[in-house]
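Residue numbers for the sequence shown follow our numbering, beginning at 17 and rising by one. Here the structure comes first, spelled out in structure tokens, and everything after it is commentary.
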Amino acid sequence: MVNRVAVLSDIHGVLPALEAVLAEPDVAAADLIVLTGDIAAGPQPVEVLDVLAGLGDRVCWVGGNADRELVEARAGRPASIDVSDWAAGQLRDDQVARLAALPATATLEIDGLGPTLFCHATPRDDEEVVLVDSRMARWAEVFDGLPAEVATVVCGHTHMPFTRLVDRRLVVNPGSIGMPYGGAGAWWALLGPGVQMRRTAFDVDAACARVAAESTFPDAVAWADEYLRSQHSDADALTAFGPRDGR
Numbered sequence: 017m018v019n020r021v022a023v024l025s026d027i028h029g030v031l032p033a034l035e036a037v038l039a040e041p042d043v044a045a046a047d048l049i050v051l052t053g054d055i056a057a058g059p060q061p062v063e064v065l066d067v068l069a070g071l072g073d074r075v076c077w078v079g080g081n082a083d084r085e086l087v088e089a090r091a092g093r094p095a096s097i098d099v100s101d102w103a104a105g106q107l108r109d110d111q112v113a114r115l116a117a118l119p120a121t122a123t124l125e126i127d128g129l130g131p132t133l134f135c136h137a138t139p140r141d142d143e144e145v146v147l148v149d150s151r152m153a154r155w156a157e158v159f160d161g162l163p164a165e166v167a168t169v170v171c172g173h174t175h176m177p178f179t180r181l182v183d184r185r186l187v188v189n190p191g192s193i194g195m196p197y198g199g200a201g202a203w204w205a206l207l208g209p210g211v212q213m214r215r216t217a218f219d220v221d222a223a224c225a226r227v228a229a230e231s232t233f234p235d236a237v238a239w240a241d242e243y244l245r246s247q248h249s250d251a252d253a254l255t256a257f258g259p260r261d262g263r
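Quick look at the structure:
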């Protein structure tokens, strides 16, 4: 049984955002930090992985589609996103090996929430899209085969935080640390015995300047301006993701 879990999702290689969240007292005091994928695909991949690896057994790692794509890019199958191809080339071999070994899911018994399954997109696929307003039939489809005892599912992938009930099962999406849609800041969740949706504010101007100064990604300035400043609204993101939700 774990009492307190901090969930960090979709860090996307943004070191200032990660550092801001790790400095939160509730994160420092948590029994465990769970990463729900898309950890390194961004402008500071090496640094982010090194910081997280340095936390040792306090971190439970789950892989996402962007992590898988970094491994594939290193194997000669380029990603469709420029920053991912660039990031793949920056990683050390030990970091690629870590990403290649990440599990698709992890299940923990959490105080107040019961057996809790962590995944990136859905329990069965790292790219499927489910949203806060997905139809109940869609949820039944993506949860098909999930053990009945799983009381809570924690996912990421869409970069928008939400909690909702799905046929008596609690679903939590903590949002994104490094690429938030709908509002600047680093979004995460604290689990046990309930669910707290959290947002860590940080100096976005300073973070953008730091990414621009420290990253060698050619489009680091534009990338940071677009994503750290959350130029994409949640309404825009819901519209864009809608067709992938079967609408």
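Each residue gets a CB set at the ideal place from its N, CA and C atoms; glycine is no exception. Predicted model only: the values in this text are computed from it and were never measured.
Pick from the options: whose alpha carbon is nearest that of residue i?
i	options	result
L31	A46, T121, P61	P61
L104	A44, S192, V18, E85	Just to set this straight, residue 104 is Ala in the shown sequence, not Leu. For A104, the nearest C-alpha among the options comes from E85.
V182	F218, A222, T168, W102	T168
D28	V50, Y243, G161, P41	According to the sequence provided, residue 28 is His. The question's Asp does not apply to it. Nearest option by C-alpha distance: Y243.
V220	M195, M213, T255, E157	M195
V18	R74, V67, R108	R74
A39	D109, A225, W77, L68	L68
T121	I193, R140, A238	R140
I49	A36, A22, D42	A22
With a 10 Å radius around its C-beta and 16 neighbouring C-beta atoms as the bar for buried, classify residue i as buried or exposed.
i	result
I14	Any answer about residue 14 is impossible in this case: the structure gives the chain only from 17 up to 263.
A223	buried
G58	buried
D142	buried
E165	exposed
G198	buried
S249	exposed
A240	buried
Distance check for residue j and residue i, CA to CA, integer angstroms please.
i	j	result
N189	P177	5 Å
V112	L34	20 Å
W155	G201	28 Å
C135	T179	15 Å
V146	D160	14 Å
Do residue i and residue j have their C-beta atoms within less than 9 Å of each other?
i	j	result
L300	D149	This structure gives no information on residue 300, because the portion of the chain shown stretches from 17 to 263.
T132	L206	no
G276	G191	This structure cannot settle anything about residue 276, because the visible part of the chain is limited to 17 through 263.
Where are the beta strand (DSSP E) runs, 3 residues long or more, that stay fully inside the stretch 135-194, in chain order?
168-170, 178-182, 185-189
Whole beta strand (DSSP E) elements within the stretch 23-83, 3-residue minimum:
48-52, 75-78
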